[in-house]
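Residue numbers for the sequence shown follow our numbering, beginning at 30 and rising by one.
Note that CB positions come from ideal geometry on N, CA and C, so glycine has one too.
Source: prediction; values computed, not measured.
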Amino acid sequence: MNYVIQQLSKKELLSFFGEHEQLVIKYFIYKSLLSQPELLPKQANLPIQIPKEHIEQWVVQALQATPIGAGSYPIDVYSIEKKWGADIKMISAKMNNNHLRENVESGETSLAQKFKDTGSNLDSLFAENKFEVIKDEWLQIYYQKYQKVINALNIKDIYYFFVIRGNLDFYLVGMKIDTTNIANVTVNKESKRLQSVCLNNFIDKDLGTVRIYKAKKRLELRLFPAEWEKRNNYIKFSCNFIQNKINLFETIKDESSLHEVLSNATKVVLSSQITIQ
């Protein structure tokens, strides 16, 4: 089956993120570890938090791409020279024994959103069970969203680059968008969900799910991260990092102690190991 969103193989992913590019990503992960807030001595560990804007800049630097800038533009970065554009996303996933948990969906990410026209009519379309109409109109929104980019920037290919965060592991994966396969998408009539329309053939069902949500008025994607790991189509950055636990209010008394704490935090991060596979 030819899907709208197609998984990049490890070889294809490495054509973008080779050894040199991976070192740039590794540098940014080190910096992100340093920026994580310290925990109180008895406080439970917190997940690593990295703003989406920072992830975009990782790709800008690693791939020498051009950023679009803040806003609601369909892509985040592009390369005029190589004629591609990409939307950069980060999602969270659950881990089990150092592997991504099987049969568990990731957090969601938006593929398209519409509050006017089709979006504002969603309530009535759902009430009338016009799921085929919903599907067709939202696929048109999705198609136009990226066709606009292709025409405006004169590029050929559109990609998604995802960072899947699981505890202290980061999985970099990629997908290519092929809107010529939109005709293959159908409504999943077996779904029992009343507030969303589930779509078949948008993405390989073992890799993820795509749904149109009534309340949110948007098209959303969720992944099955364990399947991506099983197929080995990822670049994994594993961090051997112990979150620092310290009472900063009691420790930082003046400028001198502030700089000492900062120096110690830097040493902890630099002594950590980030392995790539």
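- For the region 263-292, the continuous beta strand (DSSP E) assignments of 3+ residues that do not extend past its boundaries occur at 264-269, in sequence order.
- The closest CA to that of Gln302, considering only Asn158, Val53, Ile58, Leu42, is found on Ile58.
- Between Trp257 and Tyr200 the beta-carbon gap is near 7 Å, inside 8 Å, which marks them as a contact.
- Taken in chain order, the complete beta strand (DSSP E) segments of 3 or more residues contained in the region 72-150 are 106-108, 113-121, 138-142.
- DSSP places Lys60 in the helix class (H, G or I) of the three-state scheme.
- For Asn230, no alpha helix (DSSP H) encloses it, and the DSSP letter there is neither H nor E.
- Contact annotation, Glu289 with Thr138: C-beta distance approximately 41 Å; criterion of less than 8 Å not satisfied.
- Sequence-distant Cβ neighbours of Ser121 in its own chain, meaning closer than 6 Å and more than five residues away, are Gly136, Arg194.
- Under the DSSP assignment, Phe190 falls in the beta strand (DSSP E) whose first and last residues are 186-195.
- A contact is defined here as three or more CB-CB pairs under 8 Å, and the region 210-219 meets this definition with respect to the region 227-236.
- A residue is called buried when at least 16 other Cβ atoms come within 10 angstroms of its Cβ; Gln306 does not meet this threshold and is exposed.
- The region 106-125 makes no contact with the region 234-243: fewer than 3 CB pairs, one atom from each, lie closer than 8 Å.
- The Cβ neighbour count for Gln36, taken over all protein chains shown within 10 Å, is at least 16; the residue is labelled buried.
- Assigned with DSSP and collapsed to three states, Asp198 falls in strand.
- Under the criterion of beta carbons closer than 8 Å, Pro76 and Lys274 do not qualify as touching, at roughly 16 Å.
- Secondary structure note for Tyr242: its beta strand (DSSP E) is the uninterrupted segment 237-242.
- Glu82 has its alpha-carbon roughly 28 Å from the corresponding atom of Lys243.
- Residue burial annotation: Asn262 is buried, with at least 16 other C-beta atoms found within 10 angstroms of its C-beta.
- DSSP lists no bridge partner for Arg260.
- Under the three-state reduction of DSSP, Glu157 is assigned to coil, being neither helix nor strand.
- Collapsing the DSSP output to three states places Ser225 in a strand.
- In this model, Ile54 and Glu157 are separated by some 49 Å (Cα to Cα).
- Gln173 carries a helical assignment under DSSP once its states are collapsed to helix, strand and coil.
- The three-state secondary structure of Lys205, taken from DSSP, is strand.
- DSSP, reduced to helix, strand and coil, places Leu37 outside both helices and strands of the structure shown, so it counts as coil.
- Per the C-alpha coordinates, the member of Gln176, Leu42, Leu63, Gln224 positioned closest to Asn293 is Leu63.
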